[in-house]
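Since the structure comes first, as structure tokens, the remarks are kept for the end.
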Amino acid sequence: MGQNRIDKILKKRTTFGWFFYLIIAFFGKGSMLKILIGFLIVMVGEFFRTFASGIIKKNQQVAKEGPYQWCRHPLYFGSFLISIGLLISAFNIVPFIYFLLFFPFFYIPTMKKEETFLKEKFGKEYIEYSKEVPVFFPSIKKTKIENFSWSGVKKNSEFYNWIAIFLVYIFLLTKTVINRSQFYTL
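Numbering (this note's numbering), first residue to last: 77 to 262.
Laid out in structure tokens, this is it:
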């Protein structure tokens with residue numbers, strides 16, 4: 077398979093995410109407790125994504141502030157947490173299998189490709205940064221925030237993710253309330 081074809085497939089990770097939300101909404105059968113626990117994890121993930129979206133200036137500079145001090149790919153780590161939270165909320169094997177198959181398939185090669193691009197584009201600056209900051213799982217430490225901007229969040233379209241999460245949870249909660257037998261179960 078040629079590199080162009082691989083690149084086109086990797087760019088479909090957003091489609092993977094939207095389809096994942098639909099699978100969660102359709103197959104979800106979690107109890108109120110599972111939905112609440114999952115929702116809290118989703119909110120931490122969305123915090124990472126929103127915070128990172130307000131900092132990053134794609135292809136212009138190395139993002140080193142906020143969550144980029146914790147890990148080099150906070151947007152993807154946030155997506156990972158959102159997925160884990162949704163899986164807990166849905167409590168169904170179908171979304172779990174979908175996640176296991178597709179999350180690593182899309183995100184691991186994407187991170188490797190971005191690392192290569194950033195090393196080529198920013199050279200020593202990015203190489204030094206990458207020596208200090210973990211790739212994916214964060215190392216939380218004192219955080220410098222000077223350049224966060226809500227316009228960056230808007231520019232990076234993160235509000236669509238908030239809307240999608242809200243709709244998925246409305247759907248899951250509605251299904252749970254309708255099926256009261258699961259309302260108070262673990």
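Each residue gets a CB set at the ideal place from its N, CA and C atoms; glycine is no exception.
Burial state of residue i, where buried means 16 or more other Cβ atoms lie within 10 Å
i: I241; result: buried
i: W146; result: buried
i: E196; result: exposed
i: F175; result: buried
i: S155; result: buried
i: E208; result: exposed
i: I254; result: exposed
i: V120; result: exposed
i: T252; result: buried
i: F213; result: exposed
i: I184; result: exposed
i: I246; result: exposed
Bounding residues of the alpha helix (DSSP H) (the contiguous stretch that carries residue i)
i: T91; result: R89 to F103
i: V229; result: W226 to K231
i: W238; result: E234 to I254
i: K110; result: M108 to S129
i: S206; result: K200 to E208
i: I216; result: Here I216 belongs to no alpha helix (DSSP H), and DSSP marks it neither H nor E.
i: P143; result: Segment: none, P143 is in no alpha helix (DSSP H) and carries neither H nor E.
i: A139; result: Looking at the DSSP string, A139 is not in any alpha helix (DSSP H), and its letter there is neither H nor E.
i: I164; result: P150 to A166
Nearest-angstrom beta carbon gap, residue j and residue i [assumed within contact, 8 angstroms]
i: P150; j: F96; result: Rounded, the Cβ-Cβ distance is 19 angstroms, inconsistent with contact.
i: Y152; j: M187; result: 6 angstroms
i: L248; j: G106; result: 7 angstroms
i: I158; j: V118; result: 5 angstroms
i: V138; j: F198; result: 5 angstroms
Below 8 angstroms, how does it come out for the segment 197-207 and the segment 113-123: are there three or more Cβ pairs, yes or no? no
Does the structure place the segment 116-134 close enough to the segment 168-183 that three or more beta carbon pairs sit under 8 angstroms? no
If you pair each beta-carbon of the segment 161-169 with each one of the segment 223-234, do three or more pairs fall below 8 angstroms? no
Flag this pair as touching only if the segment 116-125 and the segment 86-99 have three or more C-beta atom pairs under 8 angstroms; answer yes or no. no
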